[in-house]
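Contents: one structure, followed by commentary.
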């Protein structure tokens, strides 16, 4: 009896995903942690920015770009990956996964666990098609924000935020967003107008080791 791939519907002799869709799904899982990180630069809508430093308490809350916020929230990337990991482990007769650490860490751990089991998923799991489809759609949702088809809508990544917060480097990704003439950090609110971009670039070199260490701590 022949079967069909649960994602592309190509005919199969056995299993639930064809080799191409199996590989594509594995690659999407490998990219998930980087896509999660990339969304950080899109949390504030274009044209709206915090002032330099932290907002005064009397100010209204900063606006949030809901698409990026939702994808980085509990029901976004981390929720999708952890739900599928939980379902996969349950169907394999394993215990439920232990969930702890930062959201960045949880995304990486869940994506890795699913990637390690991709061959079993493709060959033996009836839910493989639905799983692969949701992972594909999730990446498309992220890509529509961080890497839109129109080049003029794409951000220009400039490095990491070198601002000191309580004597610790911020280290968040900073990028020039479409429609903006100034770069600002979505985490701490530091701002670099065009005349300060050279200083921002120099800070990447001056603080390279500290910035790399900060990124490792966040991963």
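Residue numbers (our numbering): 7 to 225. Positions of the beta carbon are idealized from the N, C-alpha and C atoms, including for glycine. As the structure is a computational prediction, the values presented were derived from the model and not from experiment.
Kindly indicate which three-state DSSP category residue i falls into: helix, strand or coil?
{"i": "residue 86", "result": "helix"}
{"i": "residue 144", "result": "helix"}
{"i": "residue 47", "result": "helix"}
{"i": "residue 100", "result": "coil"}
{"i": "residue 195", "result": "coil"}
{"i": "residue 183", "result": "coil"}
{"i": "residue 16", "result": "coil"}
{"i": "residue 22", "result": "coil"}
{"i": "residue 9", "result": "strand"}
{"i": "residue 81", "result": "coil"}
{"i": "residue 226", "result": "Nothing about residue 226 can be reported from this structure: the residues present for the chain run from 7 to 225 only."}
{"i": "residue 107", "result": "coil"}
{"i": "residue 177", "result": "coil"}
Flag this pair as yes or no: are the beta carbons of residue i and residue j separated by less than 8 Å?
{"i": "residue 9", "j": "residue 23", "result": "no"}
{"i": "residue 84", "j": "residue 112", "result": "yes"}
{"i": "residue 138", "j": "residue 31", "result": "yes"}
{"i": "residue 103", "j": "residue 91", "result": "yes"}
{"i": "residue 175", "j": "residue 194", "result": "no"}
{"i": "residue 134", "j": "residue 162", "result": "no"}
{"i": "residue 48", "j": "residue 183", "result": "yes"}
{"i": "residue 152", "j": "residue 44", "result": "yes"}
{"i": "residue 114", "j": "residue 168", "result": "no"}
{"i": "residue 127", "j": "residue 94", "result": "yes"}
Could you tell me the alpha carbon to alpha carbon distance between residue i and residue j, rounded to whole angstroms?
{"i": "residue 33", "j": "residue 165", "result": "25 Å"}
{"i": "residue 21", "j": "residue 124", "result": "12 Å"}
{"i": "residue 207", "j": "residue 187", "result": "16 Å"}
{"i": "residue 129", "j": "residue 110", "result": "29 Å"}
{"i": "residue 15", "j": "residue 203", "result": "49 Å"}
{"i": "residue 76", "j": "residue 82", "result": "6 Å"}
{"i": "residue 196", "j": "residue 189", "result": "8 Å"}
{"i": "residue 100", "j": "residue 214", "result": "42 Å"}
{"i": "residue 121", "j": "residue 132", "result": "17 Å"}
{"i": "residue 205", "j": "residue 191", "result": "15 Å"}
{"i": "residue 108", "j": "residue 200", "result": "33 Å"}
{"i": "residue 80", "j": "residue 28", "result": "26 Å"}
{"i": "residue 88", "j": "residue 35", "result": "12 Å"}
{"i": "residue 106", "j": "residue 116", "result": "11 Å"}
{"i": "residue 53", "j": "residue 147", "result": "Note on residue 53: pLDDT 34, under 50, position unreliable in the model; the coordinate value appears next. The alpha-carbon atoms of residue 53 and residue 147 are separated by roughly 22 Å."}
{"i": "residue 55", "j": "residue 198", "result": "Bear in mind that a pLDDT of 35 at residue 55, under 50, signals an unreliable position, so the number given afterwards is only what the model happens to contain. Approximately 11 Å, taken between the alpha carbons."}
{"i": "residue 173", "j": "residue 212", "result": "16 Å"}
{"i": "residue 86", "j": "residue 40", "result": "16 Å"}
Would you grab the beta carbon distance between residue i and residue j for me? Rounded to a whole angstrom, and I think it's under 8 Å.
{"i": "residue 136", "j": "residue 12", "result": "7 Å"}
{"i": "residue 46", "j": "residue 178", "result": "6 Å"}
{"i": "residue 42", "j": "residue 98", "result": "Rounded, the Cβ-Cβ distance is 25 Å, inconsistent with contact."}
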